[in-house]
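Since the structure comes first, as C-alpha cells, the remarks are kept for the end.
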Amino acid sequence: MAIRVNLRLIDELVRYGAEDVQYCYHCGDCSTVCPHADAVFRFPRKSMRQLQMGLEQRIETTLEPWLCYYCGQCSEQCPREADPGETMMGLRRWLIARYDITGIARQFFKSKTVEIISVIVVGIITGALLLYYGFSQGNLSIYDGEGAFLPSSFIHTFDLIIGIIMVFFLIVNALNMGYLTMRKGCDYPVPWWIYIKKLLVLPWHFFTQKRYAECENKRETKIFMPWFIHMGLAFGYMIMLILVMVFIEKLQYGPEIDWSVHIFGYLASVGLIIGCIYFIRSRFRKHHIQYKKTHSTDWVFVVLLLIITVTGIAQHILHRTGIIEWANIIYVVHLICVAPWFLRMPFSKWSHLVYRPLAMYFAAVRREALERQEEGLPSISYSYK
Ligand code: SF4
Ligand code: SF4
Numbered sequence: 001m002a003i004r005v006n007l008r009l010i011d012e013l014v015r016y017g018a019e020d021v022q023y024c025y026h027c028g029d030c031s032t033v034c035p036h037a038d039a040v041f042r043f044p045r046k047s048m049r050q051l052q053m054g055l056e057q058r059i060e061t062t063l064e065p066w067l068c069y070y071c072g073q074c075s076e077q078c079p080r081e082a083d084p085g086e087t088m089m090g091l092r093r094w095l096i097a098r099y100d101i102t103g104i105a106r107q108f109f110k111s112k113t114v115e116i117i118s119v120i121v122v123g124i125i126t127g128a129l130l131l132y133y134g135f136s137q138g139n140l141s142i143y144d145g146e147g148a149f150l151p152s153s154f155i156h157t158f159d160l161i162i163g164i165i166m167v168f169f170l171i172v173n174a175l176n177m178g179y180l181t182m183r184k185g186c187d188y189p190v191p192w193w194i195y196i197k198k199l200l201v202l203p204w205h206f207f208t209q210k211r212y213a214e215c216e217n218k219r220e221t222k223i224f225m226p227w228f229i230h231m232g233l234a235f236g237y238m239i240m241l242i243l244v245m246v247f248i249e250k251l252q253y254g255p256e257i258d259w260s261v262h263i264f265g266y267l268a269s270v271g272l273i274i275g276c277i278y279f280i281r282s283r284f285r286k287h288h289i290q291y292k293k294t295h296s297t298d299w300v301f302v303v304l305l306l307i308i309t310v311t312g313i314a315q316h317i318l319h320r321t322g323i324i325e326w327a328n329i330i331y332v333v334h335l336i337c338v339a340p341w342f343l344r345m346p347f348s349k350w351s352h353l354v355y356r357p358l359a360m361y362f363a364a365v366r367r368e369a370l371e372r373q374e375e376g377l378p379s380i381s382y383s384y385k
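Residues in the sequence shown are numbered from 1 upward in steps of one, following my numbering.
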C-alpha cells in the first residue's frame with residue numbers, strides 16, 4: 001500500500017510546540033537515555049524521523065508520544081538541540097487534535113485567540129443564564145433551599161448537563177484513539193482475549209501514574225516532587241468532580257460543616273491549589289527543561305483551574321461566615337469558569353488523564369500480541385534502544 005507523506009507536517013507541528021525537529025541528525029542519543037524506550041516502542045528518535053519524513057498516517061497511529069512522560073533527559077542529551085522531549089509534547093497535542101472528531105481541539109492548539117475567545121463566550125453565556133435564573137427565581141441573600149439564588153438542585157442539573165457533554169466527547173475521542181492505534185496502526189493480529197488479560201493495566205496506571213515516578217527514578221538525583229504534586233492535582237480534580245456531580249446538595253448545605261463530604265473537599269482543594277501554584281511557578285521560573293517552553297493552551301489550562309479553585313474556596317468561606325450575597329456572586333464567577341473548563345476538557349491537555357492510561361493498556365496488549373506472533377523466534381531484548 002502506498003504511503004502518503006505530508007511534507008508540511010514539520011511546519012504544522014510548530015503550531016503545536018515542536019519547533020526544532022529539523023535539527024535532528026539521528027545520532028540516537030535521545031533514545032539511549034530515555035528511561036521508557038524499548039525494543040517495541042522506540043522513541044524519541046523514531047518519532048523525529050517520522051516527522052522529518054512527513055509520515056502523518058504512521059504518526060497518528062503510534063502510541064509512543066503517550067509513553068513519554070517528559071522527563072526532559074533526551075533534550076538535555078541532544079547534541080543538536082533538536083529538543084526531542086518538547087517534540088513528544090507537541091506530538092501529544094497533535095494527537096489530541098487528531099483523535100477529536102469535531103476539529104475543536106485543532107483550533108484551540110493552533111490559535112490562542114480562538115481558545116481564549118471560546119472560553120470568554122462560554123463564560124458570558126453561562127453567566128447570563130445563571131444571573132437570569134438567580135434574579136428571576138431566587139434571592140441573592142439566600143444561599144440554598146427555597147428561594148435560593150442558585151439552589152443545589154439547579155446546580156446539580158447544571159453540573160450533570162456539562163458532565164454528560166464532557167464524558168460523551170471523551171468517550172468518542174477515546175474510541176477514535178483505540179481505532180487508530182489498535183486497528184489502523186497494528187500490522188499484526190491481536191487476539192481479543194489479550195484485551196481482557198491486560199485490562200488491569202488501565203486502572204493501575206490511571207491511579208498510580210507509576211510511569212511518571214519511574215521517569216524520576218532514573219535520574220541521578222531522585223526528585224519525586226513533580227510526580228507527587230501531579231498526583232495531588234489529578235486526585236484533587238477527580239475528588240472534586242465526584243463531589244460536585246454526586247454530593248452537591250451536601251456540599252452546598254450549611255452554614256454547618258458536613259465533615260462527611262467537606263473533608264474530601266478540603267483535601268482536594270489543597271491538592272489543586274498546591275498543584276496549580278507549583279506548575280505556574282515552574283513555568284515562570286523555567287528551572288527544568290520541561291518548563292522552558294509553555295504552549296498557550298497550558299497557560300489557559302492551569303490559570304483557569306487556579307481561578308476555579310480560589311473562587312470555590314472563597315465562596316465556601318463567605319457562605320460559612322454568613323456573607324451570603326458575596327458568596328452567591330463569587331459562586332457565579334466560579335461557575336462562569338467551571339463551564340468552559342469542563343467543556344474544553346475533551347479538546348485540551350487535560351484529556352491526557354484518559355489517553356495516557358489507555359496508551360499504557362494498548363501498549364501492553366500490543367507487546368503481548370507481538371511476543372505471541374514471534375514465538376519460536378529469538379526473544380526481544382528490551383534493553384535495545
Ligand atoms: S539526540 Fe538529538 S540529534 Fe540525536 S537522534 Fe535524538 S533528537 Fe536527533
Ligand atoms: S522526555 Fe524523557 S520520557 Fe520523553 S522521550 Fe525524552 S527521555 Fe524519554
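Ideal placement from N, C-alpha and C gives every residue a C-beta, glycine not left out.
In this text, all values refer to a predicted model and were calculated from it rather than measured experimentally.
- Distance from the C-beta of HIS36 to the nearest heavy atom of ligand 2 is below 7 Å.
- Nearest neighbour of PHE154 by Cα position, chosen from ALA268, TRP350, LEU272 and GLN137, turns out to be GLN137.
- When DSSP states are grouped into helix, strand and coil, ALA148 belongs to the strand group.
- Under the three-pair Cβ rule at 8 Å, the stretch 203-213 counts as touching the stretch 342-361.
- Apart from the 5 residues on each side of it in sequence, LEU199 sits with its Cβ closer than 8 Å to the Cβ of TYR361 in its chain, given in chain order.
- Runs of the alpha helix (DSSP H) lying entirely within the stretch 53-138, each at least 4 residues long, are 56-59, 64-67, 73-77, 84-99, 104-110 and 112-137 in chain order.
- Each of GLY103, SER31 and LYS110 was checked against the Cα of ASN173, and the nearest Cα belongs to GLY103.
- Residue range 259-285 is occupied by the alpha helix (DSSP H) that includes ILE274.
- Rounded to whole angstroms, VAL332 and PRO340 show a C-alpha spacing of 13 Å.
- Bounds of the alpha helix (DSSP H) holding ASP11 are 9-14.
- Listed in chain order, the non-local C-beta contacts of PHE228 below 6 Å within the same chain number zero, local neighbours out to five positions each way being set aside.
- Taking all protein chains shown into account, GLU60 has 16 or more neighbouring C-beta atoms within 10 Å of its C-beta and is therefore buried.
- Taking 7 Å as the cut-off, one finds no heavy atom of ligand 2 near enough to the beta carbon of TYR291.
- Scanning GLU12, ARG4, GLN373 and ASP20 for the CA closest to the CA of ILE194 turns up GLN373.
- In the DSSP assignment, PRO44 falls outside any alpha helix (DSSP H), carrying neither H nor E.
- In terms of Cα proximity to LYS197, the closest of TYR25, ARG367 and LEU9 is ARG367.
- In the same chain as MET88, and ignoring 5 residues on each side of it, the C-beta atoms closer than 6 Å to its own belong to PRO44, PRO65 and CYS68, in chain order.
- By the C-beta density criterion, LYS184 is exposed, having fewer than 16 other C-beta atoms within 10 angstroms.
- For ILE239, the enclosing alpha helix (DSSP H) begins and ends at 225-246.
- Taken through DSSP and simplified to helix, strand or coil, ILE336 comes out as helix.
- Around the beta carbon of TYR70, a 10 Å sphere encloses 16 or more other beta carbons of the protein chains shown; the residue is thus reported as buried.
- HIS205 sits in a helix when the DSSP states are folded into three classes.
- Less than 8 Å divides the Cβ of GLY232 from the Cβ of GLY271.
- Three or more beta-carbon pairs separated by less than 8 Å are not found between the stretch 262-279 and the stretch 158-175, which leaves the two stretches without contact.
- Using a cutoff of 7 Å, the CB of MET88 counts as near ligand 2, since one of the ligand's heavy atoms is closer than that.
- LYS112 and GLU146 have their C-alpha atoms spaced approximately 42 Å apart.
- In this structure, the C-beta of GLY85 approaches ligand 2 to less than 7 Å from one of its heavy atoms.
- Scanning ALA18, SER351, TYR99 and LEU150 for the CA closest to the CA of TYR253 turns up LEU150.
- In this model, TYR25 and TYR16 are separated by some 21 Å (Cα to Cα).
- Excluding its 5 nearest sequence neighbours in each direction, VAL338 has C-beta neighbours in its own chain below 7 Å: ILE308, listed in chain order.
- When DSSP states are grouped into helix, strand and coil, ARG344 belongs to the helix group.
- Fewer than three pairs of CB atoms, one per stretch, sit closer than 8 Å, so the stretch 308-319 makes no contact with the stretch 118-129.
- If you compare the alpha carbons of VAL14, LEU95 and CYS34 with that of SER296, the shortest gap goes to VAL14.
- Apart from the 5 residues on each side of it in sequence, LEU306 sits with its Cβ closer than 6 Å to the Cβ of CYS276 in its chain, given in chain order.
- Beyond the five residues adjoining it in sequence on each side, THR294 comes within less than 7 Å, by CB distance, of ARG283 in the same chain, given in chain order.
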